[in-house]
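J.: Below: one structure in structure tokens.
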Amino acid sequence: MSQLKNFRSLGKKIVCIGRNYREHAAELNNPVPSKPLLFSKTTNSYLAEGEGKIQTPFGCKNLHFEVELGVIISKRAKQISQDNAFDYIGGYTIALDMTARDWQDELKKQGHPWFISKSYDSSCPVGEFVSKEKIKQQGMTSDMIFSIPVMLEYITKFVTLEVGDLVLTGTPAGVGPCKSGDKLDIGITDVTSAQFEVE
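Numbering (the numbering used here), first residue to last: 3 to 201.
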């Protein structure tokens, strides 16, 4: 599992789950999905702690932060069952899903894909790799609409996950705007933490 410490350079994709907490869907006036809502970020989105600041993309006037638990894949996963989903997890990380909210809102209104609002450079700051043995899943993820095993089963029906790939599991309520100079402290209590500054 030591190779997974380099998941940012090892993995090929970042698969994200949207609206996976009822409270978060409600605060943005979005309906609760009946099945996992998937989108992706490209790996240029990664930003490790200490490697620079979070960029506000040119022209964005409403940058939001969303704190999420990231699941790091340990072996090739294709059409897996939720019953053995944890066998494919090598560890976890804490992550930010940075969102150009004004862009996303406008693109949604027009019925267009909102990829650019989620996948610009530095839009996925991540903490360190944490082995799966260090995290107790049940309490931390009990408020999710779709559990991690359900997510992985659903994703791998369509997309093969590979070693080092990252799955972002959604954000609870409490997302908010940030601006230049803000410091964002994120973490999992008693497990890991990270700090990022907005440029």
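Cβ coordinates follow ideal geometry from the N, Cα and C atoms, glycine included.
Predicted, not measured: the structure shown is a model, and the values here were computed from it.
Less than 9 Å between the C-beta atoms of Glu155 and Ser83, yes or no?
T.: The count along the sequence shown starts at 1 and reaches residue 155 at position 153. The count along the sequence shown starts at 1 and reaches residue 83 at position 81. The answer is yes: Cβ separation under 9 Å.
J.: So, under 8 Å CB-CB, Ile147 and Tyr23 are touching, yes? Tell me the CB distance rounded to an integer number of Å.
T.: Taking the sequence shown and counting its residues from 1, the one referred to as residue 147 is at position 145. Taking the sequence shown and counting its residues from 1, the one referred to as residue 23 is at position 21. So it is a contact: roughly 7 Å between Cβ atoms.
J.: State the start and end residues of the unbroken beta strand (DSSP E) segment that holds Glu205.
T.: The structure shown has nothing for residue 205, since the chain only spans 3 to 201.
J.: Taking DSSP as the reference, what is the three-state secondary structure of Tyr23?
T.: On the sequence shown, residue 23 is found 21 positions in, with the first residue counted as 1. It is a strand residue.
J.: Under the DSSP definition of a beta bridge, which residues are partnered with Ile96?
T.: Taking the sequence shown and counting its residues from 1, the one referred to as residue 96 is at position 94. The partner list for Ile96 (beta bridge, DSSP) reads Leu71.
J.: Give the C-beta separation of Thr171 and Leu40 to the nearest angstrom, bearing in mind that I take them to be a contact with Cβ-Cβ under 8 Å.
T.: Within the sequence shown, residue 171 is the residue found at index 169, counting from 1. Within the sequence shown, residue 40 is the residue found at index 38, counting from 1. So it is not a contact: roughly 12 Å between Cβ atoms.
J.: Exposed or buried, what is Arg103 when buried is set at 16 or more other beta-carbons lying within 10 Å of its beta-carbon?
T.: Taking the first residue of the sequence shown as position 1, residue 103 is located at position 101. Classification of Arg103: buried, given that the 10 Å Cβ count is 16 or more.
J.: Would you identify the three-state DSSP class for Ile190, choosing helix, strand or coil?
T.: Within the sequence shown, residue 190 is the residue found at index 188, counting from 1. Reduced to three states, the DSSP call for Ile190 is strand.
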